Amino acid sequence: MNSTLIHTILLFFSFTMIATAQPKHISQYPNQLTRDGHIIVLPDHGTVYIVSDLHAHWKDFNQWLQQTRLVERIQAGEDVYGIMLGDSIDYKPDEKPKPPFGDVQIVNRVIEIQRQLGDKGKRLIYIRGNHEFAAADTYATMKKHGMTDQNRPVFIRKLYTGINGSYYKQFNFIERMTDEHFEFLTNLPTVVIGKNGFVAVHAGPARSIIRLRDIIDPGPRTLDEMLWDRPNIVFGGGYTLKHTENFLKVLNGNFLIVGHTPIGYFPSKNVKDRVARLGGKQLIFSTGYGGLKDGQTYIEVDLAKTYTSVEELKFGVNIHLLYSK
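Here's what the structure looks like:
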């Protein structure tokens with residue numbers, strides 16, 4: 201048998217063994233916080249506190265930390281987690297950036313907390329939103345074409361005044377991003393899955409996945425759907441309840457929590473307790489930009505409980521106002 205054939209056979213068996221070793225079901229992961237590619241798996245115990253779409257609202261971020269006492273409780277060894285569902289960066293068009301820049305403060309503080317807490321810092325989970333993805337991608341492209349700290353204003357000006365300028369202005373964190381920020385944003389996870397059926401992403405379900413591996417290492421289309429999609433009841437051609445149900449079935453999930461779509465976009469019949477719900481399977485909320493006036497919320501989920509519907513998430517127990525009236 202020649203050496204080329206032997207090498208081919210060894211490669212085949214090697215890839216087969218790797219594929220066989222990879223978990224095919226959430227139950228196969230250890231019952232502890234585990235990172236695997238784009239997913240984070242959480243155990244069947246503990247409590248998670250979730251925020252979304254802060255969009256440089258430094259005050260809102262700190263209010264969440266203060267209300268939940270999250271950092272102090274993690275440090276003390278309590279079985280709690282914090283999840284930030286993406287879009288913590290970038291000022292929206294009607295909110296002018298100004299020093300000390302809330303998105304810089306938020307990202308810096310998350311990095312600082314994770315470092316200070318050591319291994320426990322993994323419990324503060326920041327997942328990727330479309331703004332983190334697009335800002336990091338744009339920054340990488342500009343660096344590739346010769347952008348430096350010195351000529352960055354020139355690059356930004358050309359970008360904003362170009363044919364797609366209005367698009368790029370949405371991702372204005374590129375004006376303030378450092379290489380450390382870029383490294384941090386590039387390595388964010390995209391999906392959080394709890395062993396008892398809790399699932400969270402930034403925007404919506406991936407529409408055509410057939411196995412867990414499709415989420416662990418998502419292709420461009422799958423990633424795009426999870427970061428950018430909106431439901432069809434607010435955006436023609438968007439995802440449907442059937443897409444959410446299929447997504448949850450693949451992940452052994454019972455319900456999905458997302459941000460991304462402002463609550464004011466939804467028909468009034470879908471809005472209750474300052475959040476939106478879709479068919480008992482999905483809850484949409486916002487802690488910063490996109491929440492209802494005087495109705496910004498954060499979510500609390502008991503990981504030990506098996507919720508069968510988002511209707512079981514109650515106001516004052518699971519759905520909390522960020523600011524008490």
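Start counting the sequence shown at 201; every next residue gets the next number (the working numbering). Glycine residues also receive a C-beta, built at the ideal position from the N, C-alpha and C atoms. These numbers come from a predicted model, not from an experiment.
Cα-Cα separation, residue i to residue j
i: V251; j: P299; result: 23 Å
i: T220; j: R413; result: Annotation note: pLDDT 45 at T220 (below 50); position unreliable, no value reported.
i: F382; j: Q263; result: 26 Å
i: V450; j: R474; result: 29 Å
i: I218; j: H225; result: For I218, the predicted structure reports a pLDDT of 43, less than 50, and the residue's modelled location is therefore unreliable. A value from the coordinates is still provided. When rounded, the distance between both Cα atoms is 15 Å.
i: I283; j: H520; result: 15 Å
i: I457; j: A400; result: 5 Å
i: L513; j: V471; result: 14 Å
i: P353; j: M347; result: 9 Å
i: I374; j: A336; result: 8 Å
i: E380; j: E312; result: 12 Å
i: A476; j: I484; result: 5 Å
i: I362; j: P389; result: In the sequence on display, residue 362 carries Gly and not Ile. Cα-Cα distance, rounded: 32 Å.
i: T386; j: T506; result: 32 Å
i: N432; j: L441; result: 9 Å
i: G277; j: R407; result: 38 Å
i: L522; j: D494; result: 9 Å
i: S524; j: F301; result: 25 Å
i: F371; j: Q232; result: 35 Å
i: V392; j: S366; result: 32 Å
i: F515; j: F261; result: 20 Å
i: K369; j: Y489; result: 17 Å
i: Q266; j: H460; result: 23 Å
i: Y229; j: I325; result: 18 Å
i: L285; j: N518; result: 16 Å
i: E272; j: G318; result: 13 Å
i: Y339; j: T234; result: 29 Å
i: T535; j: H345; result: The structure shown does not extend to residue 535, since the chain is modelled only from 201 through 525, so no value can be given for it.
i: K259; j: K292; result: 16 Å
i: R411; j: D349; result: 43 Å
i: N351; j: T378; result: 14 Å
i: R357; j: L270; result: 40 Å
Sequence-distant residues of the same chain with beta carbon closer than 6 Å to residue i, five excluded per side
i: R323; result: I274 and Y281
i: Y465; result: V434
i: L211; result: Annotation note: pLDDT 49 at L211 (below 50); position unreliable, no value reported.
i: L359; result: Y368
i: D253; result: D287, G459, S486, G488, Y489 and G490
i: M342; result: F355
i: Q496; result: T487 and L522
i: E500; result: Y249 and N518
Sequence-distant residues of its chain with Cβ nearer than 7 Å to residue i (five each side left out)
i: L427; result: R328, G329, N330, F333, H402 and A403
i: K296; result: none
i: L492; result: I463, G464 and R474
i: Y498; result: Y249, I250, V251, W264, T487, H520 and L522
i: I409; result: I415, T422, F447 and V450
i: R315; result: G321
i: V310; result: L324 and Y326
Supposed close pair residue i, residue j - CB separation, criterion 8 Å
i: H255; j: D290; result: 6 Å
i: L242; j: K395; result: 7 Å
i: T247; j: D279; result: 7 Å
i: S478; j: T444; result: Before going further, note that residue 478 is Leu rather than Ser in the sequence given. Between T444 and L478 the Cβ distance is about 7 Å, and since that is below 8 Å, they are a contact.
i: L503; j: H257; result: That belief does not hold up - the Cβ atoms of L503 and H257 are roughly 27 Å apart, past 8 Å.
i: V307; j: F384; result: 7 Å
i: P405; j: F447; result: 3 Å
i: R421; j: V304; result: Between V304 and R421 the Cβ distance is about 32 Å, and since that is not below 8 Å, they are no contact.
i: D429; j: Y439; result: 5 Å
Sheet register partners of residue i (DSSP bridge)
i: Q482; result: L456 and L478
i: K472; result: V475
i: Y249; result: G282 and E500
i: R421; result: In DSSP, R421 forms no bridge with anything.
i: P431; result: Y439
i: F154; result: Residue 154 is absent from the structure shown; the chain starts at 201 and stops at 525.
i: L242; result: G394
i: L492; result: G495
i: T234; result: V241
Sequence-distant residues of the same chain with beta carbon closer than 8 Å to residue i, five excluded per side
i: I416; result: Q222, D236, G237, H238 and I239
i: S227; result: K395 and N452
i: T216; result: Low local confidence applies: a pLDDT of 45 at T216 is under 50, so the model's placement there is unreliable, with the coordinate-based value given in what follows. Nothing meets the Cβ criterion.
i: E511; result: R477 and G480
C-beta neighbour in chain B for residue i, strict 8 Å
i: D417; result: Checking the listed chains, one finds no chain B in this structure; it contains a single protein chain.
Which ranges does the alpha helix (DSSP H) cover as unbroken runs of at least 4 residues, wholly within the region 359–408, from first to last along the chain?
365–368 and 379–386
Inside the region 269–300 only - beta strand (DSSP E) runs reaching at least 3 residues
280–284
Threshold first: 4 residues or longer. Then list the alpha helix (DSSP H) segments lying entirely within the region 306–363, N to C.
330–344 and 352–361
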